[in-house]
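Note that my numbering has the sequence shown beginning at 69, numbered continuously upward.
Cβ coordinates follow ideal geometry from the N, Cα and C atoms, glycine included.
On a predicted model such as this, the values are computed, not experimentally measured, just so you know.
Some notes on the structure that comes next.
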Amino acid sequence: MLDYSTNALIGILQTNGYARAVFRSYFSREEDAVIEGKVAVRLRRHEAFELEAPPFLWGILNEACLRAVVGGPEAMAGHLEYLRGQPPHRTSNSGFCRSRREL
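Now the structure itself:
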């Protein structure tokens with residue numbers, strides 16, 4: 069899998085709070101049960117990296133993905149901790165792209 073995320077994180081890298089905020093924003097008229105079902109399906113994608121032959125994920129995150137507050141400060145703090153705590157392993161590689169004004 070190849071991904072270049074400019075404003076929001078790819079689904080497979082999203083945490084519970086981040087995914088819930090994305091779905092709640094996009095499907096604002098849906099019942100809570102529908103949103104929770106969508107979140108559960110999205111989070112099951114994490115299991116792909118536990119397979120005997122997991123997919124390889126090559127991702128580049130624009131700085132905006134990390135600075136945009138999705139789901140409020142608490143959800144975003146949890147999400148950043150999740151990303152920071154991911155151990156490097158043979159199935160992924162990631163990089164960060166800083167905004168042009170800071171280069």
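Fewer than three pairs of CB atoms, one per stretch, sit closer than 8 Å, so the region 101-110 makes no contact with the region 140-151.
Ranked by Cα distance from R152, the first of Y72, Q82 and S73 is Q82. In this structure the region 113-131 does not lie against the region 89-102, because fewer than three pairs of beta carbons, one per stretch, are closer than 8 Å. DSSP places G127 in the strand class (E or B) of the three-state scheme. Counting only the Cα atoms, L70 lies some 32 Å from D100.
Residue burial is scored here from C-beta neighbours: Y72 has fewer than 16 other C-beta atoms within 10 angstroms and is therefore classed as exposed. Under the three-state reduction of DSSP, L134 is assigned to helix.
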